[in-house]
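Novice: In this note's numbering, the protein residues as written are 1311 to 2251.
Every residue, glycine too, gets a C-beta built ideally from N, C-alpha and C.
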């Protein structure tokens, strides 16, 4: 080949553009394209291979070795690299990039022209002074080109590089030489790269894994144990396996963030002040429970505020609590020589449910300071200490003795206070025969009066048009009674009096009621509450002892009196209206500012009564304020006051920045996590629980009647029952007695107007559906009549997209046809609290575990409430995508999650799960379920 041809070939090499390659898991030992100086490789004989170095367009050297002695026979040209240090490699890879000319394209070429060359290597510990001896070199392979160029390609100035990679190993010496043998080809060796593969340093499951070199045997893996990152600890030994190609395989085990630290972006960070994490695990830090705090970072537990405590066995996730206030409304009953004491629970339970009572007896002499504890002469039934019921009977009094009984309420943290606990007290004196008289006393810490025990109630009623010319009466021992035999569509007048050991009380104010088509009427508890006492010792009996009870404003002969009793009158000069934000049935709704007595301004919403109203409209407008003013709960819209003595008449309530819940959710569709939505539902349930405890039935629970503030706190609102329920005329179903929002109303309320807390529970299930569907219209475009018919036939709304199974199960529980089977709001709040504290239970939560077994949920003594599991076997298998085995589980007798939690791998195989992957998925889920059940029962593993 002439010198001109060689130079032409070199020029072509300079036109080659190198394409970059990814070396993420490779350690490069040699790369001729990155060497700046001369390579210094040896050639044998000297005129065999030619070394040519040129600069590319970026002024970087390109080292090229070429040989093309195709016109001469018996070629044996060697090129040897410098010594290459193998580092940690046990096996190396040699990547060659070259061009090779087709022998047929070379004119007058001899028959000895070749289109291949040979690759050799030699291992040695010596890096200098090694003489080249071909016999010492081991052949790796004969290298052939996939693409060869011709004379025509030379004219186009475009060449395609061949890339070949060969393995060399195992290597045991410190380094090696490479050698290239030409036996008569036209070759240009453009680049040589020598590297070995490794599994690079990585972080996986909060564990770090170091650089790892694979084994020479490509069929075996290297097991590598990881080291937990800072502030993490092993849950199961973290392991990875390094494959032959430098890939990490088969992750096993994991580390979890330690107490006080949470995982973020593969590392463990300390909990912020105000947050804590009590257990090691990959859960987030939680906000400090109520009445507790953490000032520093990395808190494992939040410390209780002053005057709040945790009992020794209270978990750190529990809110700090305080001792209860003393018992209230102590009453007694005299029966021969027995004294029966009865009282109401304390007004403040201290935030706990483990409430007990002690009755302390003191026997006193003539002087006040001559008191000593009673001996064993008195008999208490059932016992004087550790009472869980609010009654005790005392017998076997001695003659001529003064007894003082002090009743104290206690809970799990009562023993932690170091000051005397307040008590309620009563004093009894006996005469010579052991008969006794009584003296009622009040403790200075408990100034509430003590009442006599109500023996029974008498209800008097008559038709209004007869004006009490004749009347009927009935007696009852319970604070409610059903009156039967009333004429339909007739106005009746009711009044009530009580009988105690002191005699009868006066009759209560008159209460009017117009009957519907029903022939029976339930006298409301509020009428009993408003019963006036007949003596100073009498204190009105409450239908729900210890709980404030709702009073219906309609029981007042003058509705204005109810407004003034329950709502505060506001000076209109303290109100500044800023803008109109909506319109109601009675007038405009505005936002503005209210100046408080402390000169501070707060944001408020103002409902105004439009001009030209009649007295009935004014009464209906203010009726909502009479209702709202009785409520005091963080999840009920707060009434600030009313303006009734000037115009316009106004109702002023707290301002809720985000408006109604349904429009707010539609505006932010998909923006919230499931736990955030559950938090909203928890707030709504808590508000309705408060209403239910007060004896108030809302009747129109819907997302449009829930307001949302800037902190996403949801509050129940809209207590004006005479309002238009919705702009859409299809939204309400008119029956005798008013309009009903069909899509939100329980079947018994639609058919018979039987509204109760159970019907509110049905409506709450619809609200849940609205929240989880981001404000979608219940039952979509179905007509009201179709909704009624479909519900009667058993149809229930399906789960919204993305709604966890357990939440839809709660909805279905609210939509039970039998209202007695629907959940109480106390239980709903407890259930949602469990979900918020432990979000993983959205997949594996049993409804039966939500309730403290020490607390009775019975409606009456001896009654057992059977709560079914929220999640069925089918739901569980659906959640892990193993629904094809439903019939197998049931057929084998595994019908509850309790029984599934006890299954072993042998049980899983026995019921017919033969695929290894399916066995592993089911067993893994069973292990998670087992841990969840232990955790929900108080065991932390």
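Where DSSP assigns a beta bridge to residue 1960, which residues make up the other side?
Specialist: Looking up residue 1960 in the chain shown gives position 650. Residue 1960 pairs with 1918, 1953.
Novice: Looking only at its own chain, which residues have a Cβ that is under 6 Å from the Cβ of residue 1975, when we skip the five neighbours before and after it?
Specialist: On the chain shown, position 665 is the one that residue 1975 refers to. Same-chain partners within the cutoff: 2084, 2085.
Novice: Helix or strand or just coil, what does DSSP make of residue 1579?
Specialist: Within the chain shown, numbered from 1, the residue matching residue 1579 stands at position 269. Three-state result, residue 1579: strand.
Novice: Distance check for residue 1614 and residue 2019, CA to CA, integer angstroms please.
Specialist: Residue 2019 sits at position 709 when you count from the first residue of the chain shown. Residue 1614 sits at position 304 when you count from the first residue of the chain shown. Taking the straight line joining both Cα atoms gives about 28 Å.
Novice: Measuring alpha carbon to alpha carbon, tell me which of 2194, 1394, 1722, 1738 ends up nearest residue 1708.
Specialist: In the chain shown, counting from the first residue as 1, residue 1708 sits at position 398. Taking only the C-alpha atoms, the option nearest residue 1708 is 1738.
Novice: Only counting the same chain, and skipping five residues up and downstream in sequence, which positions put a Cβ closer than 8 Å to that of residue 1568?
Specialist: Your numbering for residue 1568 matches position 258 in the chain shown. Answer for residue 1568: 1541, 1542, 1543, 1578, 1590, listed in chain order.
Novice: Any contact between the stretch 1407-1421 and the stretch 1470-1488? By contact I mean 3 or more CB pairs, one from each, below 8 Å.
Specialist: Touching, per the Cβ criterion.
Novice: In whole angstroms, what separates the C-alpha of residue 2209 from that of residue 2052?
Specialist: Here the question's residue 2209 lines up with position 899 in the chain shown. Here the question's residue 2052 lines up with position 742 in the chain shown. About 41 Å.
Novice: Alpha carbon to alpha carbon, what distance is there between residue 1595 and residue 1726?
Specialist: Sequence index remark: in the chain shown, residue 1726 carries index 416 (1-based). Sequence index remark: in the chain shown, residue 1595 carries index 285 (1-based). Their backbone Cα atoms lie some 28 Å apart in a straight line.
Novice: Could you check where the beta strand (DSSP E) with residue 1403 kicks off and where it finishes?
Specialist: Reading the chain shown from its first residue, position 93 is the one you call residue 1403. 1402-1410 is the extent of the beta strand (DSSP E) around residue 1403.
Novice: Following the continuous beta strand (DSSP E) through residue 1599, name the residue where it begins and the one where it ends.
Specialist: On the chain shown, residue 1599 is found 289 positions in, with the first residue counted as 1. From DSSP, residue 1599 is part of no beta strand (DSSP E); its letter is neither H nor E.
Novice: For residue 1351, write down the residues that DSSP places opposite it in a beta bridge.
Specialist: In the chain shown, the residue the question calls residue 1351 occupies position 41. For residue 1351, which the question treats as bridged, DSSP gives no partner whatsoever.
Novice: From which residue to which residue does the alpha helix (DSSP H) around residue 2216 run?
Specialist: Counted from its first residue, the chain shown places residue 2216 at position 906. Run containing residue 2216: 2215-2220, per the alpha helix (DSSP H) assignment.
Novice: Who are residue 1682's beta bridge partners in DSSP?
Specialist: Position 372 of the chain shown, counted from the first residue, corresponds to residue 1682. Looking at the DSSP assignment, residue 1682 forms a beta bridge with 1673.
Novice: For the alpha helix (DSSP H) holding residue 1727, just list the boundary residues, first then last.
Specialist: Taking the first residue of the chain shown as position 1, residue 1727 is located at position 417. It is not in any alpha helix (DSSP H) - residue 1727 carries neither H nor E in the DSSP assignment.
Novice: Below 6 Å CB to CB, which residues in the same chain sit around residue 2009 once its five sequence neighbours on both sides are set aside?
Specialist: As a first step, residue 2009 must be located in the chain shown, where it is residue number 699. Hits under 6 Å: 2065.
Novice: What does a CB cutoff of less than 6 Å around residue 1964 pick up in its chain, not counting 5 residues either side in sequence?
Specialist: Counting from one through the chain shown, the residue named residue 1964 turns up at place 654. Excluding positions up to five away in sequence, the list reads 1948.
Novice: Give the straight-line distance between the Cα atoms of residue 1999 and residue 1942, rounded to the nearest whole angstrom.
Specialist: Here the question's residue 1999 lines up with position 689 in the chain shown. Here the question's residue 1942 lines up with position 632 in the chain shown. Going by the C-alpha atoms only, they are around 12 Å apart.
Novice: Considering residue 1785, what are the terminal residues of the beta strand (DSSP E) in which it resides?
Specialist: Working through the chain shown from its first residue, we reach residue 1785 at position 475. Unbroken beta strand (DSSP E) run through residue 1785: 1782-1786.
Novice: Would the stretch 1988-1996 count as touching the stretch 1907-1920 if we require 3 or more Cβ pairs under 8 Å?
Specialist: They do not touch, by the three-pair rule.
Novice: Does the structure place the stretch 1371-1380 close enough to the stretch 1491-1499 that three or more beta carbon pairs sit under 8 Å?
Specialist: With a cut-off of 8 Å, the stretch 1371-1380 and the stretch 1491-1499 count as touching, because enough Cβ pairs lie within range.
Novice: From residue 1925 to residue 1665, what distance separates their C-alpha atoms?
Specialist: One-based indexing of the chain shown puts residue 1925 at position 615. One-based indexing of the chain shown puts residue 1665 at position 355. The alpha-carbon atoms of residue 1925 and residue 1665 are separated by roughly 49 Å.
Novice: Relative to the alpha-carbon of residue 1439, which residue among 1610, 1516, 1352 has its alpha-carbon at the smallest distance?
Specialist: Start at 1 with the first residue of the chain shown, and residue 1439 comes out as number 129. With distances taken between Cα atoms, residue 1439 lies closest to 1352.
Novice: Determine whether the beta carbon atoms of residue 1492 and residue 1392 lie at a separation below 8 Å.
Specialist: Start at 1 with the first residue of the chain shown, and residue 1492 comes out as number 182. Start at 1 with the first residue of the chain shown, and residue 1392 comes out as number 82. No; because the gap between Cβ atoms is not below 8 Å, this pair is not in contact.
Novice: Using the Cβ count rule (16 or more neighbours within 10 Å means buried), how would you classify residue 2079?
Specialist: By 1-based counting over the chain shown, the position of residue 2079 is 769. Buried, by the Cβ-count rule.
Novice: Mapping DSSP to helix, strand and coil, what is residue 2253?
Specialist: Any question about residue 2253 goes unanswered here, given that the chain covers just 1311 to 2251.
Novice: In this structure, how does DSSP classify residue 2052 when only helix, strand and coil are distinguished?
Specialist: Position 742 of the chain shown, counted from the start, is the residue given in the question as residue 2052. Of the three classes helix, strand and coil, the one that applies to residue 2052 here is helix, per DSSP.
Novice: In the DSSP output, what is residue 2192 paired with across the bridge?
Specialist: Reading the chain shown from its first residue, position 882 is the one you call residue 2192. Beta-bridge pairing links residue 2192 to no other residue.
Novice: Please tell me whether residue 1825 and residue 1800 are closer than 8 Å, where the distance is taken between their beta carbons.
Specialist: Numbered from 1 along the chain shown, position 515 holds the residue referred to as residue 1825. Numbered from 1 along the chain shown, position 490 holds the residue referred to as residue 1800. Cβ atoms of residue 1825 and residue 1800: closer than 8 Å.
Novice: Pull the bridge partners of residue 1373 from the DSSP assignment, please.
Specialist: Here residue 1373 refers to the residue found at position 63 of the chain shown. Partner(s): 1363.
Novice: Quick check: the stretch 1428-1437 against the stretch 1477-1489, are there 3 or more CB pairs under 8 Å?
Specialist: Yes, since at least three Cβ pairs between the stretch 1428-1437 and the stretch 1477-1489 fall closer than 8 Å, the two stretches touch.
Novice: In the structure shown, what three-state DSSP assignment does residue 2087 receive?
Specialist: Here residue 2087 corresponds to residue number 777 of the chain shown, with the count starting at 1. DSSP places residue 2087 in coil when its eight states are reduced to three.
Novice: Just the C-alpha distance for residue 2011 and residue 1547, rounded to the nearest angstrom, thanks.
Specialist: By one-based count along the chain shown, residue 2011 stands at place 701. By one-based count along the chain shown, residue 1547 stands at place 237. The alpha-carbon atoms of residue 2011 and residue 1547 are separated by roughly 52 Å.
Novice: Throw me the rounded Cβ distance for the residue 1507 and residue 1520 pair, which I believe falls under 8 Å.
Specialist: As a first step, residue 1507 must be located in the chain shown, where it is residue number 197. As a first step, residue 1520 must be located in the chain shown, where it is residue number 210. That pair is no contact at about 15 Å.
Novice: Between which residues of its own chain and residue 2107 is the CB-CB distance below 6 Å, once the five residues before and five after are set aside?
Specialist: The count along the chain shown starts at 1 and reaches residue 2107 at position 797. Excluding residues within five positions, the ones whose Cβ falls inside 6 Å are 2079.
Novice: Should residue 1960 be listed as close to the ligand GDP, given that the test is whether its C-beta is under 7 Å from any heavy atom?
Specialist: With respect to the ligand GDP, the structure shown offers nothing to examine, as it has no ligands at all.
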